[in-house]
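As numbered in our numbering, residues 1471 to 1684 make up the sequence shown, in order. The beta carbon of each residue, even a glycine, is placed where N, CA and C say it ideally should be. From a predicted model like this one, the values you see are computed outputs, not experimental measurements. To keep things clear, I will list the structure first and then write my remarks on it.
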Amino acid sequence: MSKYQKRAKNLKLIFLIVGLGVIPLYAIIFSQFGPGGNLILVTFSQIGARYGAIELFIIWGILTSLYYLAFLSYLTVLTRFNNFIMNFLIGFGVISMLVTVFLPFAPSMYPRASKTHNLLAYVTAVSTLLGLVVFVGSLYRLDLRLFTKSLIALLLVIGISIIVLLVFGVSSLFQIVFSTLLCVLLCLLLLFIEKSPHINIEQALYDHDQDKEK
């Protein structure tokens, strides 16, 4: 096994463990700090601000945002896709998330900060989804079968998220489902890319290293 095969295997393992295990489990544990562990009554922001779990909320925001950034950046290396619009959307989404978790959510004490907090939360979700839309669209040029499977997975994630949002509103449950589905989507994209006969992961990693040395 070459060092690039080993790197790809190790990164895959890390991304799968964090995305399918650590992030969902952390979100569920964090949600239990709310009133009676109710997933509908409060959001993560309210749990952090009102129930003494602000540090845990900040950790969740940092963990998820950096995970999305690192994973999608890795996928762009594998597919050799470097697009300004996608990079801007993902980068902006990460920055929005980081600013959001550090802004106080206390409407009675800091109304403007709380409104900005809510606005940035929506901006984060939309920016991240749009970035994924651009990336999935880019797969069309590489492999039609890969593009089709990825598009179906993306539409399922969007559809399920919308249904949960409409039924339960902006709540801890929605945030758990949405953040977990994004992790699942990224993991599926990696698995789909691995199986594509038109993508050589080992060569892509080698070329990426060569480009960094120039």
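Residue i classed as buried or exposed, judged by whether at least 16 other C-beta atoms fall within 10 angstroms
i	result
LEU1652	buried
ASP1613	buried
GLY1639	exposed
GLN1686	Outside the shown range of the chain (1471 to 1684) lies residue 1686, about which nothing can therefore be said.
PHE1605	buried
LYS1555	Correcting the residue type first, residue 1555 is Ile in the shown sequence and not Lys. It is exposed - the Cβ of ILE1555 has fewer than 16 other Cβ atoms within 10 Å.
THR1618	exposed
PHE1662	buried
VAL1488	buried
TYR1610	exposed
GLY1507	exposed
VAL1571	buried
Test item: CB-CB of residue i and residue j under 8 Å
i	j	result
HIS1587	SER1515	yes
LEU1656	LEU1542	yes
GLY1504	ILE1517	yes
SER1642	LEU1509	yes
GLY1531	LEU1568	yes
ALA1623	LEU1600	no
LEU1539	VAL1564	yes
Distance between beta carbons of residue j and residue i, contact taken as under 8 Å
i	j	result
THR1549	SER1608	7 Å
THR1546	ILE1493	At roughly 20 Å, the Cβ-Cβ gap does not stay under 8 Å, so THR1546 and ILE1493 are not in contact.
ALA1478	ILE1671	5 Å
Residue from the options with nearest C-alpha to residue i
i	options	result
LYS1476	GLN1680, GLU1683 and LEU1675	LEU1675
VAL1627	PHE1648, GLY1504, GLY1531 and ILE1565	PHE1648
ALA1497	LEU1659, THR1618, ILE1529 and VAL1603	ILE1529
Boundaries of the alpha helix (DSSP H) in which residue i is found, first to last residue
i	result
GLN1475	1473-1487
GLN1680	1671-1683
ARG1550	Where ARG1550 is concerned, there is no enclosing alpha helix (DSSP H), given that its DSSP letter is neither H nor E.
GLY1629	1614-1638
TYR1521	Segment: none, TYR1521 is in no alpha helix (DSSP H) and carries neither H nor E.
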